[in-house]
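Novice:
In full-length UniProt numbering, the protein residues as written are 1 to 96.
(1) Decide if the segment 49-61 is in contact with the segment 73-85; the criterion is three or more beta carbon pairs, one per stretch, under 8 angstroms apart.
(2) Mind checking residue 90: buried by the 16 CB within 10 Å criterion, or exposed?
(3) Excluding the five sequence neighbours on either side, which residues of its own chain have a C-beta within less than 6 angstroms of the C-beta of residue 57, listed in chain order?
(4) My understanding is that residue 73 touches residue 41, with C-beta atoms under 8 angstroms, so please give their C-beta distance in whole angstroms.
(5) Measuring CA to CA, which of 35, 71, 44 is closest to residue 62?
Spelled out as structure tokens, the structure:
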């Protein structure tokens, strides 16, 4: 495992241990609902199912179809807020 991967693993472990990872996930969920992301993605899913037909779409197909669009639809403001919270967390836990 290279140094970058080790650092990511250490940060992830610290996020889990402190409960911060769950708090960040809850914040992300709330922000995505608030900005309409969830509704947009739901509408896109319905569109894909309508185009291909319910009998011709598996969950895996649907996930493959919407993943990139889902990522692209996340507002920059939400990404920036999460990044800032992670930076603050890391500053407070500088012993990593």
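A virtual CB, placed ideally from N, CA and C, is assigned to each residue, including glycine.
Specialist: With the given structure in hand:
(1) Flag = no, the segment 49-61 and the segment 73-85 do not touch.
(2) Burial call: exposed.
(3) Result list for residue 57: 49, in chain order.
(4) Confirmed, Cβ separation roughly 7 angstroms.
(5) Considering only alpha carbons, the answer is 44.
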